[in-house]
């Protein structure tokens, strides 16, 4: 009779993002002032192409927000939560 061994490996990761143009803004979904990221910079975190990002935005898990200068941004907390959800699926 063969003996079976099961090994479980758990990992944690920490992602720290810093930029010269860090912006804060109000996120209605989080109901708080949050760090935001420009839409054109989201690929650094997600590796998504524009159509895939649009799909995420249309899923209501992310929101397209507008910075004071009118540029499109999204909530960094929501983006990271969506990325984490994708990794665990």
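Residue numbers (UniProt numbering): 1 to 89. We treat Cβ as the ideally placed atom computed from N, Cα and C, and that holds for glycine. Note that the structure is predicted; figures quoted are calculated from it, not measured.
DSSP state of residue i mapped onto helix, strand, coil
i          : result
residue 31 : coil
residue 7  : coil
residue 76 : helix
Alpha-carbon to alpha-carbon, residue j and residue i
i          : j          : result
residue 82 : residue 44 : 14 Å
residue 50 : residue 39 : 9 Å
residue 53 : residue 4  : 43 Å
residue 2  : residue 8  : 20 Å
Contacts around residue i, its chain only, beta-carbon distance under 8 Å, and the 5 residues preceding and following it disregarded
i          : result
residue 63 : 27, 28, 29, 57, 74, 75, 78
CB-CB length for residue i against residue j, believed under 8 Å
i          : j          : result
residue 65 : residue 46 : That belief does not hold up - the Cβ atoms of residue 65 and residue 46 are roughly 17 Å apart, past 8 Å.
Own chain partners of residue i with C-beta closer than 6 Å, once the 5 adjacent residues on each side are dropped
i          : result
residue 72 : 39, 64
Under 8 Å between C-beta atoms of residue i and residue j
i          : j          : result
residue 23 : residue 33 : no
Same chain, Cβ closer than 7 Å to residue i, five either side skipped, listed in chain order
i          : result
residue 91 : Summary: the structure shown does not reach residue 91, with the chain confined to residues 1 through 89, and so no result is reported for it.
Beta carbon proximity, residue i to chain D, threshold 8 Å
i          : result
residue 81 : Among the protein chains of the structure shown there is no chain D, as only one such chain exists.
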